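Every number in the working numbering is 74 more than the matching position in the sequence shown, counting from 1.
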Amino acid sequence: MLTVETVSGPVAAEELGVTDYHEHLCFQAPAWLLREDPDFALNDVDKSAEELRAWHAAGGKTLLEMSAIDFGRDIRAVRQIAKQVPEVNIIATTGFNKPYYCDRWVAEAPEAELVKLCVRDLTVGIDGTDSKAGVIKGGTGYNMITPLGAKLLRVAAQAHLETGAPIITHTEAGTMGLEQLELLAAAGVSPKRVCLSHLDRNPDFWLHRKIAEAGAYLGYDCPGKIKYGPDELRISVLRRLVEAGYGKQILLGNDLGRPSYWRSYGGGPGLDFVLTKFVPRLREEGFSEETLQDLLVNNPRRFLAGREEI
Ligand SMILES: [Zn+2]
């Protein structure tokens with residue numbers, strides 16, 4: 075049986091259902107970051123559980139908690155949420171975010187030490203718990219890959235080679251995607267095991283087609299974030315990708331890593347936006363049920379399980 079690691083143990087790939095590939099449920103943002111931007115205080119277990127229940131009521135089943143090691147990942151809080159909302163599968167991540175968020179120790183540690191840490195998260199458990207990570211994160215900054223960004227990607231690559239877990243990267247405003255794939259390929263990673271996040275920050279069909287041609291998954295996670303451009307833009311690029319035959323390489327999420335995005339914290343659009351508003355709009359705008367099933371269920375299952383045929 076093909077299984078995927080969740081914070082509550084392995085789950086059969088066919089049980090994953092409707093999957094959100096990139097979220098943040100609860101984390102302890104570094105103190106300096108909270109001083110700079112208090113809107114990263116997404117740290118209330120009960121509020122997160124309440125919002126997650128609403129998401130499940132809208133049809134959601136599996137959600138990736140993408141808070142990386144250096145972004146205040148809080149596995150104990152996430153485990154509590156998983157206990158309060160056992161009807162949802164939560165998949166945790168290991169690895170690191172973009173260099174801007176990195177602690178000094180991450181910059182200074184030898185790569186082999188960081189790889190070891192990630193592999194332990196994936197095979198033994200995170201921070202002394204028995205909850206294993208199911209994915210690996212890496213990331214780069216805006217329009218450049220610094221030596222530290224390259225190091226974080228190489229660490230993700232090596233952890234992937236040792237465990238088989240897929241890689242989800244952070245791209246800053248949708249830039250450097252092809253360059254990330256090149257670097258990962260040079261480290262031995264097949265693009266088919268990589269998903270690039272936040273590509274719809276830069277809804278550029280030519281670029282997205284190139285990334286799809288290379289074989290990677292494209293992460294769309296900005297629906298409803300109008301400050302990053304209207305949904306019309308991401309929908310029109312999405313449509314062209316589907317028409318060009320790349321509908322099986324797109325993953326959907328919403329990356330709502332700020333309390334101001336959550337209704338339970340008094341914000342919006344709310345964790346269920348993709349399921350209650352964006353997907354119905356795609357349907358109304360002519361996306362087929364088959365395509366929607368790929369985006370929500372089949373593509374994330376194939377990506378997470380790492381098997382082409384499913
Ligand atoms: Zn994120």
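Here a beta-carbon is modelled for each residue, glycine too, at the ideal position from N, C-alpha and C.
Since we're looking at a predicted model, the values are computed, not measured.
Closest to residue i by C-alpha separation, out of the options, would be which residue?
i	options	result
E382	P240, V85 and H272	P240
A231	G215, G248 and K266	K266
E79	F114, A115, I200 and K299	I200
G83	Y335, I164, E306 and G134	I164
D204	V81, L330 and G331	V81
T243	Y339, G223 and V198	G223
I300	P277, R313 and E287	P277
N328	D305, M250 and G340	D305
L258	K157, A183, C176 and T214	T214
T365	T350, Q323, N217 and F377	Q323
L90	N217, Y216, P343 and G208	G208
R153	I285, D118 and F361	D118
R332	I155, E97 and K211	E97
L126	E359, K351 and D346	D346
L349	L76, E88, A87 and T93	T93
L116	A132, V371 and R337	R337
D368	Y320, P343 and R308	Y320
Going along the chain, which residues of its own chain have a beta-carbon closer than 7 Å to the beta-carbon of residue i, five neighbours each way excluded?
i	result
K225	E185
S310	none
G238	G380
E246	K172, T214, G215 and Y216
May I ask which residues mark the beginning and end of the beta strand (DSSP E) holding residue i?
i	result
G293	Y291 to Y294
L79	As written in the sequence, residue 79 is Glu, which differs from the Leu given in the question. Here the beta strand (DSSP E) through E79 covers T77 to T80.
L369	First-last for L369: undefined, no H or E at that position.
A103	It is not in any beta strand (DSSP E) - A103 carries neither H nor E in the DSSP assignment.
L137	T136 to E139
L356	Careful: L356 lies outside any beta strand (DSSP E), inside the alpha helix (DSSP H) at V353 to E358.
L273	No beta strand (DSSP E) contains L273, which DSSP labels as neither H nor E.
Excluding the 5 residues flanking residue i on each side, which residues of the same chain have their C-beta closer than 6 Å to its C-beta?
i	result
L188	V229
R376	I384
L352	Looking at the sequence itself, residue 352 is Phe, so the reference to Leu does not match. So the qualifying residues of the chain are P297.
A233	V189, C192, V193 and I210
Y175	D144 and F145
Note the first and the last residue of the continuous alpha helix (DSSP H) segment covering residue i.
i	result
E125	V119 to A131
G251	G251 to A260
H282	F279 to A288
A86	Looking at the DSSP string, A86 is not in any alpha helix (DSSP H); the run it does join, the beta strand (DSSP E), is G83 to A86.
L378	N373 to A379
Taking its Cβ as the centre, do 16 or more other Cβ atoms sit within 10 Å of residue i, making it buried, or is it exposed?
i	result
L137	buried
S271	buried
D195	buried
P160	exposed
T167	buried
* Run through the segment 206-248 for me and flag every whole alpha helix (DSSP H) of 4 or more residues, listed as ranges in chain order. => 221-237
* To do: Mind listing, in chain order, the continuous beta strand (DSSP E) runs of no fewer than 3 residues lying wholly within the segment 158-200?
  => 163-169
* **Length-filtered (4 minimum) alpha helix (DSSP H) runs lying within the segment 300-348** => 305-317
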